[in-house]
Structures are given as C-alpha cells and as structure tokens.
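Data first, discussion second: the structure below is written as structure tokens.
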Amino acid sequence: MLDKRRHPRRVVRLAVAFQMGDGPRVDAFSRDLSIGGMFIVTDKPAPFNASVNLFMQLPGVKQEVMVKATVRWTEPDGMGVQFGLMGARETHAMMQLLTGAPPSIR
C-alpha cells in the first residue's frame, strides 16, 4: 500500500478522548502520531470525513488540550484523523512529544 502521509509518524501511546458534535465523549488512546494527525484506537470510530474534537494532555501544557480533527480513514479497531489548525502552544507541545525533547516549563 502506498503511504500518502505528509509527515513521518512515531509510535506514541497517549490517552485521548474524542467527541462528535454534542455527542458523548469517547475515551481512547493513540497508536501513532505525527504533527499532521494520529491513529486513535477505539471500538467506536467516528465515520469517514466526520469532524471530531480531540481532548488530550500534552507535555508542558497544564490544562487539557482540545484539537479539531477530521476522520480520514477507519478500521474495525480505530480511525486515522487529520488535525485541523492548532495554536502555537499545542504545536510546540506536539513537536516535543514527537522529538522526545523534555517539555518546556510554562
């Protein structure tokens, strides 16, 4: 299968929750992560092209972070999502997670 990803992925297990609209919040975890998206392991994947809000704790950020994302593909055990626009703080924390750098203190 041809890999169409724009950004390299790294195996990162991160607790994450997602929510579609006003629906219930679903707890899950990431299998891998890139600056552009992640695979979320869940037995309740959102449908293809759905907009979801992701909730996660990132290094160096005290409060839970919410990131908008779009479901790009699904499998029986989860879904691949593409992140929407992130703020500078979230992008910086995500890069630290991907590079293994220690979190900065803010």
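Going by numbering that gives the first Met the number 0, 23 is the number at position 24 of the sequence shown; the sequence numbering is gapless. Where is the CB? At the ideal position from N, CA and C, for every residue including glycine.
Asn52 and Thr41 have their C-alpha atoms roughly 15 Å apart.
Burial of Leu32 is indicated by the presence of at least 16 other C-beta atoms within 10 angstroms of its C-beta. Three or more beta-carbon pairs separated by less than 8 Å link the region 80–89 to the region 59–72, which places the two stretches in contact. Around the Cβ of Met94, a 10 Å sphere holds fewer than 16 other Cβ atoms; the residue is exposed. In this structure Met65 touches Phe54 by the C-beta definition: roughly 6 Å separates them, less than 8 Å. Contact between Ala45 and Met85 is ruled out by a C-beta separation of about 19 Å, above the 8 Å threshold.
Rounded to whole angstroms, the separation of the alpha carbons of Asp21 and Thr98 is 34 Å.
Taken in chain order, the unbroken stretches of beta strand (DSSP E) that lie wholly in the region 12–82 and span 3 residues or more are 14–18, 25–32, 36–40, 50–55, 64–74, 77–82.
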